[in-house]
Ligand code: KG4
Ligand code: ZN
């Protein structure tokens with residue numbers, strides 16, 4: 360059994376081939392980051408045009424790497440949403456063309472569910488129930504995974520997603536784009552205790568998140584710096600390390616509260632921010648202290664990729680899902 364996974368919800372053109380044992384035969388990601396850097400963020404029209412340019416070479420590369428012919432594929436899984444409409448359309452067009460010309464079944468996949476399924480690429484043995492912390496550029500959610508396909512939303516961000524806060528802080532501080540990786544790296548040289556930022560809803564009795572006020576507090580602190588402080592790399596490293604400390608502290612605090620309320624003993628973390636080294640380290644320490652198991656996908660499967668879409672599509676295909684060629688992208692799809 361071979362699944363082709365196509366993911367184009369934002370600015371990465373991704374195609375992967377995954378087999379029935381959840382083994383990744385190829386996962387190719389063509390990043391558009393160099394084109395969007397000059398704008399300090401993703402420009403939707405540019406993203407869609409670049410997908411048009413990149414997708415076929417990425418498909419070729421993935422098939423070549425996996426050593427399979429497109430006719431050997433058993434199903435085509437494609438991200439249906441959430442995401443940018445133009446970007447989603449590009450991936451979906453390619454998936455439909457393959458489905459029509461090669462006579463293959465088409466399976467539309469929820470991008471967020473793909474992030475959740477990504478854990479199976481490294482840990483195929485994981486079985487629900489478990490808690491899932493989904494942290495990406497567009498979402499921050501705590502989900503009770505009662506079974507595959509059976510989800511209960513426990514909490515979500517009321518404003519910015521965690522990754523969005525990273526990106527915005529990095530942009531205002533002039534650190535560049537994309538902000539998550541840059542802040543992660545710079546924070547390693549900084550003192551996370553130098554500044555204290557209280558998180559929104561941190562002490563409230565809710566599993567919802569709020570990162571907008573925290574982001575503003577960091578930006579305001581930076582605005583209050585003298586010229587000399589702004590140019591001091593140590594001050595900047597301390598500032599971003601303190602920001603990161605707050606984000607991670609809040610994510611972990613709410614995760615633990617959700618673990619207590621559900622009684623679950625395992626947590627799966629997914630989405631681009633799951634690649635954060637500080638979150639990985641602190642969550643692991645907390646899990647050891649409290650006796651629960653935490654699973655992080657390997658770094659390349661945290662950020663957007665086609666393999667997570669393939670493995671999720673494979674699951675639904677085996678459950679009987681077959682989509683018609685008239686399915687449309689759903690930019691606002693939720694889990
Ligand atoms: O899942 P993803 O690739 O795309 C979305 O579905 O949004 O996540 C991208 C987000 C961006 O906001 C990016 O800055 C963040 O994940 N990110 C990180 C790290 N790597 C990516 N945030 C913190 N630390 C990282 N190492
Ligand atoms: Zn994503």
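In my numbering, the protein residues as written are 360 to 694.
Glycine residues also receive a C-beta, built at the ideal position from the N, C-alpha and C atoms.
Being a predicted model, the structure only gives us computed values, none of them experimental.
Return the Cβ separation of residue i and residue j in integer angstroms, given the expectation that the two are a contact with Cβ distance under 8 Å.
i: residue 455; j: residue 684; result: 5 Å
i: residue 667; j: residue 653; result: Actually they are not in contact, since the Cβ atoms of residue 667 and residue 653 sit about 18 Å apart, beyond 8 Å.
i: residue 310; j: residue 568; result: As displayed, the chain neither begins before 360 nor continues past 694, which places residue 310 out of reach and without an answer.
i: residue 605; j: residue 556; result: 4 Å
i: residue 524; j: residue 629; result: At roughly 18 Å, the Cβ-Cβ gap does not stay under 8 Å, so residue 524 and residue 629 are not in contact.
i: residue 417; j: residue 389; result: 5 Å
Between the beta-carbon of residue i and the beta-carbon of residue j, is there less than 8 Å?
i: residue 543; j: residue 636; result: yes
i: residue 570; j: residue 518; result: yes
i: residue 697; j: residue 395; result: This structure gives no information on residue 697, because the portion of the chain shown stretches from 360 to 694.
i: residue 369; j: residue 443; result: yes
i: residue 468; j: residue 436; result: yes
i: residue 432; j: residue 479; result: no
i: residue 447; j: residue 440; result: yes
i: residue 460; j: residue 450; result: no
i: residue 577; j: residue 540; result: no
i: residue 505; j: residue 694; result: no
i: residue 566; j: residue 514; result: yes
i: residue 564; j: residue 400; result: no
i: residue 633; j: residue 671; result: no
i: residue 595; j: residue 532; result: yes
So the candidates are the options; which of them puts its Cα closest to the Cα of residue i?
i: residue 538; options: 568, 574 and 680; result: 574
i: residue 765; options: 402, 445 and 414; result: The shown model of the chain, from 360 to 694, leaves out residue 765, and the question about it has no answer.
i: residue 631; options: 432, 664, 532 and 568; result: 664
i: residue 520; options: 607, 429 and 427; result: 607
i: residue 572; options: 565, 566 and 580; result: 580
i: residue 420; options: 361, 653, 384 and 587; result: 384
i: residue 639; options: 494, 593, 470 and 489; result: 494
i: residue 365; options: 378, 386 and 382; result: 386
i: residue 561; options: 526, 478, 616 and 436; result: 616
i: residue 434; options: 592, 669 and 692; result: 669
i: residue 403; options: 445, 476 and 429; result: 445
i: residue 511; options: 497, 524, 634 and 488; result: 488
i: residue 359; options: 430, 625, 588 and 513; result: The chain is shown only over 360 to 694; residue 359 falls outside these bounds and no answer can be derived.
i: residue 552; options: 496, 661 and 598; result: 598
i: residue 482; options: 661, 655, 671 and 690; result: 655
i: residue 457; options: 486, 422, 545 and 659; result: 422
i: residue 547; options: 593, 644 and 554; result: 593
i: residue 407; options: 689, 372, 382 and 545; result: 372
i: residue 545; options: 584, 591, 507 and 508; result: 591
i: residue 367; options: 397, 405 and 398; result: 405
Using the Cα positions of residue i and residue j, report the straight-line distance between them to the nearest angstrom.
i: residue 501; j: residue 491; result: 6 Å
i: residue 380; j: residue 674; result: 11 Å
i: residue 465; j: residue 600; result: 44 Å
i: residue 618; j: residue 650; result: 11 Å
i: residue 377; j: residue 534; result: 36 Å
i: residue 549; j: residue 586; result: 19 Å
i: residue 358; j: residue 623; result: The chain is shown from 360 up to 694; residue 358 falls before or after that span and cannot be answered.
i: residue 687; j: residue 392; result: 26 Å
i: residue 516; j: residue 614; result: 13 Å
i: residue 682; j: residue 470; result: 16 Å
i: residue 474; j: residue 627; result: 10 Å
i: residue 582; j: residue 496; result: 24 Å
i: residue 620; j: residue 484; result: 24 Å
i: residue 559; j: residue 679; result: 43 Å
i: residue 503; j: residue 625; result: 11 Å
i: residue 363; j: residue 382; result: 12 Å
i: residue 589; j: residue 499; result: 30 Å
i: residue 412; j: residue 584; result: 44 Å
i: residue 509; j: residue 486; result: 12 Å
i: residue 690; j: residue 507; result: 22 Å
i: residue 428; j: residue 554; result: 55 Å
i: residue 648; j: residue 397; result: 44 Å
i: residue 659; j: residue 644; result: 22 Å
What residues are listed by DSSP as bridge partners for residue i?
i: residue 499; result: 494
i: residue 366; result: 373
i: residue 568; result: 516
i: residue 664; result: Beta-bridge pairing links residue 664 to no other residue.
i: residue 489; result: 504
i: residue 361; result: 378
i: residue 386; result: 375
i: residue 672; result: For residue 672, which the question treats as bridged, DSSP gives no partner whatsoever.
i: residue 469; result: 440
i: residue 629; result: 493
i: residue 543; result: Paired residues: none, contrary to the question.
i: residue 511; result: 503
i: residue 434; result: 362
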